[in-house]
Amino acid sequence: MRFILFYYSFCSVHNARLIKEFFQENNITLLDHPACSPDLNPIENIWGWMAREVYKNGHQFQTVDALREAIFNTWSNVPTSLLETLASSMPKRLFEVINKNGGATHY
1 MRFILFYYSF CSVHNARLIK EFFQENNITL LDHPACSPDL NPIENIWGWM
51 AREVYKNGHQ FQTVDALREA IFNTWSNVPT SLLETLASSM PKRLFEVINK
101 NGGATHY
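In this text, residue positions in the sequence shown follow UniProt numbering: the first is 1, and each later residue adds one.
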């Protein structure tokens with residue numbers, strides 16, 4: 001049996017009744033984590049980059065296994081330059097969140 005860990009935040013998109021029911025019906029245990037300063041979390045930028053890479057040029061997948069393989073291959077090839085850019089953006093992200101009194105930023 002494959003072990004899958006879902007990282008779960010309390011943001012509204014993850015709290016849809018349908019999502020909760022799916023996890024419950026499939027006996028999937030969730031790791032709860034409150035959504036704290038999502039604008040400071042560069043993983044969202046990585047997920048966006050990955051989605052664009054996986055579906056580049058309108059690519060569609062015929063099987064779940066093919067999609068899974070594409071996702072894992074893409075994850076294994078996240079460019080170091082992207083990670084460095086995101087890491088170096090942290091001071092700007094912090095400044096902007098403070099400047100907006102904790103409100104939403106463009107990140």
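Virtual Cβ for every residue (Gly too), placed ideally from N, Cα, C.
CB contact flag (residue i, residue j, <8 Å)
| i | j | result |
| --- | --- | --- |
| PRO42 | LEU94 | no |
| LEU82 | TRP47 | no |
| VAL97 | LEU40 | yes |
Integer Cβ distance of residue i from residue j, believed to fall under 8 Å
| i | j | result |
| --- | --- | --- |
| THR74 | GLU44 | In fact, because the Cβ distance is near 16 Å, the residues do not count as touching under 8 Å. |
| PHE23 | LEU30 | 6 Å |
Cut-off 6 Å between Cβ atoms - residues of its own chain near residue i, not counting five sequence neighbours on either side
| i | result |
| --- | --- |
| ILE28 | none |
| ASN99 | none |
Sequence-distant residues of the same chain with beta carbon closer than 8 Å to residue i, five excluded per side
| i | result |
| --- | --- |
| LEU67 | VAL54, PHE61 |
The region 61-71 in contact with the region 94-105 per 3-pair CB rule at 8 Å: Result no; under three Cβ-Cβ pairs closer than 8 Å.
Alpha helix (DSSP H) runs wholly inside the region 67-95, at least 4 long, in chain order: 80-88
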